[in-house]
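Read top to bottom, the protein sequences are chains A and B.
Residue numbering for the first sequence follows this note's numbering, beginning at 6 and increasing consecutively.
Residue numbering for the second sequence follows this note's numbering, beginning at 22 and increasing consecutively.
Virtual Cβ for every residue (Gly too), placed ideally from N, Cα, C.
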Amino acid sequence: MTTKSLLQPHSQQFKTLRALALGLAIGFAAPAFADNLPDVQRLIKQGQYPQAMEKVDAYLASRPKDAQGRFLKGLIYTEMNKPAEAIAVFTKLSEDYPELPEPYNNLAVLYAQQKQYDKARTALEMAIRTHPSYAIAYENLGDVYAKLASQAYDKALQLDNSNSATQNKLALIRDLITTSGKGNVKPTAPAAATVAAAPAVAPVAASKPATAPTANVITSTQGAASTSPSPAKVAETKPAPAAAPAAPSPAKADSANDDITKAIAAWANAWSRKDMKAYLGAYSADFNTPKGMARKAWEAEREDRIAGKSGKISVSFDDPQISVNGDKATAKFKQHYKATGLSSSTSKTLVFVRSGSKWLIKEENAR
Amino acid sequence: MLSRKLLLLGLAGCLVGGALAYQLKSPKPESATAQRPAETQSSVLSTLASLGSQALGTSSAPEGILPATLSDAGPEAQLAGIFKEIENNRLHNALQLTENLLYQYPNYRLAHLIKGDLLLSRTHPIQTFGALNDAPADKVADLRAEAVVRLKAYREKPEADFVPRYLLQMQPNQRYAIVVDTKRSRLYLYENDKSNDGRPRFVADYYITQGKLGAEKLVEGDKKTPVGVYHVTANLPRQQLADLYGSGAFPINYPNEWDKRQGRNGSGIWLHGTPSNTFARPPRASDGCVVLTNQDLDAVAKNLQVGLTPVIISSSVEWLSLDDWAKERSELNKSISAWRADWESRDTEQYLKHYSKRFKSADQDYEQFAAQKKQVNAGKEWIKVKVDNLSVFRNPGKEDVVVVTFDQDYRSNNLSNQMKKRQYWLREDGKWKIIYEGTA
């Protein structure tokens with residue numbers, strides 16, 4: 006959950022609203038085109054690429070500079086397995102709109118598919134330069150670094166390149182969004198066009214207003230790299246408090262504080278002992294895993310990092326600041342982590358939910 | 022799956038360190054690379070930087086001060102720069118420098134390994150030099166050894182007023198001499214500075230590869246590099262060579278007279294280059310040859326004279342101050358000229374005092390030699406001996422042995438002859454005595 010704070014639902018809404026306003030303005034100017042792009046996106050989703058291409062070409066005929074249209078065109082080429090054409094489209098797009106991270110990211114995906122990892126790296130570093138908080142680009146860059154490292158090791162140690170078979174795909178970005186805090190996208194680039202489409206098809210959109218802003222946020226081919234709480238997860242959290250017992254009375258707050266301090270101690274203790282059962286047991290069933298990764302994968306990763314670590318681990322913490330709100334509680338504290346060759350102190354925030362008599366970790370954030 | 026796993030491990034590491042959020046939130050793009058999560062930094066530091074300090078050893082040569090002597094243009098300076106950046110936690114710069122180095126030497130395996138480590142450290146904390154999972158330990162150890170010897174050589178250049186003990190006197194037409202230190206994996210090129218009374222002047226030094234099993238060759242196939250005083254005997258051009266020998270090869274005269282006398286055998290010890298698939302070979306990799314990178318071999322080759330250039334291989338070069346060097350040289354020169362004068366004097370007893378009782382030539386021991394000299398000298402009315410083109414090289418090793426080579430012009434009332442002579446002198450009871458003599 007380290008990345009959750011990047012795109013707070015709150016600020017996301019704010020940005021969406023601003024984008025919406027922009028979209029409305031454009032909508033007035035050229036209402037006839039407004040609903041073309043959602044059609045294109047729908048056709049892409051359905052795998053009808055030639056039709057999607059036809060539509061997007063028609064759209065671009067009257068607005069050849071349009072960033073969203075060109076982005077979708079690049080996406081269609083990618084889906085049609087025409088990497089050269091896709092690279093040409095995204096390259097041109099990144100030249101015309103150097104402030105947009107998405108074309109760089111997708112260029113990197115295409116380069117990586119061609120095993121041109123140096124180019125992929127450059128593109129991703131550009132994406133991050135334009136948007137320092139761009140989680141997918143970071144994750145992709147991590148993959149590219151690992152791949153480049155592996156290539157370097159192959160050359161250093163004359164290894165056989167057999168591990169190139171286990172290549173995993175980088176995450177392709179399917180929507181052009183403008184999350185730039187500066188709002189520095191040129192006005193001529195209707196990057197907000199997808200959002201603008203929302204009011205145009207208002208009656209339809211009304212049926213699922215809640216999902217519109219979040220669904221529009223980055224989704225990857227892998228599905229594992231979403232940086233914002235997905236609508237599904239939001240829905241998931243709702244039944245939890247409903248199923249929980251009645252809210253504790255204010256009088257119980259003190260004892261709740263104690264219970265939570267104990268829960269933190271037990272959690273830190275299990276971590277230090279490398280007791281995976283107790284450690285993972287400290288987390289609620291609907292714990293918000295980092296980057297929304299699968300629970301199993303997250304558990305495996307923790308196992309690897311804790312039980313799989315040689316030498317001693319020691320986790321301790323300073324007096325936590327705890328605020329209890331019904332069946333939810335937030336604990337903020339300084340965490341001290343020590344292991345062979347490394348020690349770190351971190352500001353940690355744990356969000357607890359009450360489950361029966363236990364307080365379980367629902368969210369974990371560090372900074 | 023491999024890289025995904027590494028990445029996840031790295032992210033988990035970040036989670037523990039709480040640094041990913043910092044990294045992602047950090048507004049400057051440089052921070053994405055320059056400011057790594059704390060634990061990543063520290064582990065890269067402790068692995069790579071330790072290599073640097075290991076090479077530094079106890080010496081505290083201040084960095085940034087240029088060595089007093091000239092330097093070759095190998096990758097050492099750049100490697101030192103890379104490790105300095107790593108030590109100072111400027112990993113972004115370190116990677117940049119590593120990539121520059123690879124641009125210059127695309128086949129440089131050590132640089133590829135450092136690059137791999139620097140890149141991998143961006144995805145997860147690394148614990149060792151050559152941090153790839155299941156990296157072949159022997160190959161990593163080889164590259165690590167190369168890094169250590171190169172950094173050490175860079176930081177510990179020969180001091181300007183010290184010379185290798187072996188180069189006591191070069192003959193006038195020997196323009197250069199080569200001294201190899203197998204312990205340091207280094208070849209030193211010295212010029213015969215005739216304007217300065219033939220004092221050896223340091224020119225450059227180069228990384229070398231020696232035998233898989235080290236130095237002090239004894240027998241055929243022992244995969245060791247010989248130790249002794251040799252010279253270049255031929256120049257084999259690239260076209261005549263297999264790729265293994267790289268840009269050229271210069272055979273040396275192992276086993277020499279002294280080796281044979283010690284019962285050492287084997288053959289085919291060369292100075293040669295490096296195969297095309299790598300920039301450099303590990304410090305210990307040959308079957309006994311001294312291997313240079315192709316660019317270094319080409320640089321050295323320009324100065325080699327077939328049949329002349331001495332190649333002195335030591336397992337650990339001894340250095341003398343110029344004063345001590347001059348003293349040792351004059352002591353030997355005195356002994357040699359006394360030998361020559363006593364020969365001319367026809368005082369055979371006096372003359373034989375220059376020979377050790379353990380003397381042996383190709384076909385005579387001391388007794389036979391002494392008997393023959395007494396007989397020959399009895400028939401002489403006069404003897405003139407001229408010694409020209411004298412060279413005196415100390416044989417590396419514990420024993421005090423020097424190799425003396427010269428052109429001998431012998432004239433007498435009934436016989437004259439010219440020959441190139443080689444003698445081995447041994448210090449016995451504080452006096453230099455001849456223990457071997459023969460044609461060179």
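- A check of alpha carbon separations from A:ARG278 across A:ALA157, A:ARG310 and A:ALA299 identifies A:ARG310 as the nearest.
- Taking 3 residues as the shortest admissible run, the stretch 279-321 of chain B contains the following complete beta strand (DSSP E) segments, listed from N- to C-terminal end: 291-293 and 305-307.
- In terms of Cβ geometry, A:LEU65 and A:ALA57 do not form a close pair [threshold 8 angstroms].
- Taking a Cβ-Cβ threshold of 9 angstroms, the residues of chain A close to B:ARG143 are LEU146, GLY147, TYR150, ALA151 and ALA154, in chain order.
- In the DSSP assignment, B:HIS133 falls within the alpha helix (DSSP H) that extends over 130-141.
- Excluding the 5 residues flanking it on each side, B:THR119 has same chain C-beta neighbours closer than 8 angstroms at ILE103, ALA132, ILE135, LYS136 and LEU139, in chain order.
- For A:HIS341, the secondary structure class from DSSP, reduced to helix, strand or coil, is strand.
- Under DSSP, B:ILE455 takes part in a beta bridge, and its partners are B:TYR376 and B:TRP446.
- In this chain, B:VAL332 is not harboured by any alpha helix (DSSP H); it is covered by the beta strand (DSSP E) spanning 331-335.
- The shortest CA-to-CA distance from B:LEU210 to any of B:VAL224, B:ASN217, B:GLU237 and B:ARG130 is the one to B:VAL224.
- Taking 8 angstroms as the cut-off, the Cβ atoms of B:ARG207 and B:ASP182 do not count as close.
- Distances from the alpha-carbon of B:GLN125 to those of B:HIS145, B:PRO96, B:ASN114 and B:SER288 put B:PRO96 closest.
- For B:ARG302, not one C-beta of chain A is nearer than 8 angstroms to its own C-beta.
- About 5 angstroms separates the Cβ atoms of B:GLU212 and B:ARG222, confirming a contact at the 8 angstroms cut-off.
- It is roughly 10 angstroms from the alpha-carbon of B:GLU106 to the alpha-carbon of B:GLN117.
- The stretch 369-376 of chain B and the stretch 402-409 of chain B do not touch, with fewer than three beta-carbon pairs separated by less than 8 angstroms.
- A Cβ-Cβ separation of about 14 angstroms leaves A:ALA261 out of contact with A:VAL356 under the 8 angstroms criterion.
- In this structure, B:SER335 lies away from B:VAL253, with their beta-carbon atoms at least 8 angstroms apart.
- Within the stretch 301-326 of chain A, no run of alpha helix (DSSP H) reaches 4 residues while sitting entirely inside it.
- Listed along chain B is no residue with a C-beta nearer than 7 angstroms to that of A:LYS339; the closest approach is about 10 angstroms.
- Contact between the stretch 185-193 of chain B and the stretch 339-349 of chain B is present: three or more C-beta pairs spanning the two stretches fall below 8 angstroms.
- In this model, B:TYR457 and B:ASN114 are separated by some 59 angstroms (Cα to Cα).
- Here DSSP, grouped into helix, strand and coil, assigns B:TYR187 to coil.
- Rounded to whole angstroms, the gap between the alpha carbons of B:VAL423 and B:PRO276 is 16 angstroms.
- In terms of Cα proximity to B:ALA383, the closest of B:PRO304, B:ARG443, B:LYS178 and B:ALA236 is B:ARG443.
- Ranked by how close their Cα comes to the Cα of A:ARG75, the residues A:PHE322, A:ALA283, A:TYR102 and A:TRP303 have A:TYR102 in first place.
- Using a Cβ-Cβ cut-off of 8 angstroms, B:ALA168 does not count as an interface residue toward chain A, since no Cβ of chain A sits closer than that to its own.
- Beta-bridge analysis with DSSP links B:TYR211 to B:ALA198 and B:PHE223.
- Counting along the chain, the unbroken alpha helix (DSSP H) around B:ARG165 starts and ends at 158-176.
- Around the beta-carbon of A:MET131, 16 or more other beta-carbon atoms lie within 10 Å, marking it buried.
- In the three-state scheme derived from DSSP, where H, G and I count as helix and E and B as strand, A:ASN370 is classed as strand.
- Short of 6 angstroms from the beta carbon of A:MET85, and not among the five residues preceding or following it, lie these beta carbons of its own chain, in chain order: TYR54.
- Taking a C-beta cut-off of 8 angstroms against chain A, the contacting residues of the stretch 151-179 of chain B are GLY151, LEU153, ALA156, PRO157, LYS160, VAL161 and LEU164, listed in chain order.
- One finds nothing in chain B with a Cβ atom closer than 8 angstroms to the Cβ of A:LYS50; even the nearest lies about 26 angstroms away.
- Of B:ASP264, B:GLU237 and B:GLY309, the smallest CA-CA separation from B:ILE229 is found for B:GLY309.
- If you ignore the 5 residues before and after A:TYR116, its C-beta comes within less than 6 angstroms of the C-beta of LYS124 and ALA125, all in its own chain and listed in chain order.
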